[in-house]
Amino acid sequence: VNLQQTSEEAADAMRRLKLEIPVALDRDGKTAAAYGASSIPYTVVVGADGKVARVFIGSSPRLGEQLRKAIDVLLSSEAPAANE
Numbered sequence: 004v005n006l007q008q009t010s011e012e013a014a015d016a017m018r019r020l021k022l023e024i025p026v027a028l029d030r031d032g033k034t035a036a037a038y039g040a041s042s043i044p045y046t047v048v049v050g051a052d053g054k055v056a057r058v059f060i061g062s063s064p065r066l067g068e069q070l071r072k073a074i075d076v077l078l079s080s081e082a083p084a085a086n087e
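Residue 4 is where the sequence shown starts when you use the numbering used here, and the numbers rise one by one after that.
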């Protein structure tokens, strides 16, 4: 979710960062407030159940790797068992 920017500003940032992912706009800051975002970037990984699974505050060179791991853990824990 992009915080308090126009769709054009968000699209420019995505092009600059060479990212091709969907981006929702939080123009009034209500979503950031609901998740307690205290800094930017503030990355929230939400599971299929709608619950917050992980929060990453700030950025680091390993953020991509950490996000992939958090998502992989969620996907493996949410997958139905072989006998279901």
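All residues carry an ideal CB built from backbone N, CA and C; glycine is no exception.
Computed from a predicted structure; not experimentally measured.
Using the three-state DSSP reduction, which class does residue i fall into: helix, strand or coil?
| i | result |
| --- | --- |
| Ile-74 | helix |
| Glu-87 | Residue placement at Glu-87 is poorly supported in this model, since its pLDDT is 44, which falls under 50; the coordinates still yield a value, given next. If DSSP states are grouped into helix, strand and coil, Glu-87 belongs with coil. |
Taking all protein chains shown into account, decide if residue i is buried (16 or more other Cβ within 10 angstroms of its Cβ) or exposed.
| i | result |
| --- | --- |
| Ala-40 | buried |
| Gly-53 | exposed |
Compare the beta carbon distance of residue i and residue j with 8 Å and say whether it is the shorter of the two.
| i | j | result |
| --- | --- | --- |
| Ala-2 | Val-48 | Past the edges of the chain, shown from 4 to 87, lies residue 2, and the structure says nothing about it. |
For the putative contact between residue i and residue j, defined by C-beta atoms under 8 Å, what is the C-beta separation to the nearest angstrom?
| i | j | result |
| --- | --- | --- |
| Val-4 | Thr-34 | 5 Å |
| Gly-32 | Gln-8 | Between Gln-8 and Gly-32 the Cβ distance is about 11 Å, and since that is not below 8 Å, they are no contact. |
Ordered list of beta strand (DSSP E) runs contained in the segment 14-80, each at least 3 residues
45-49 and 55-60
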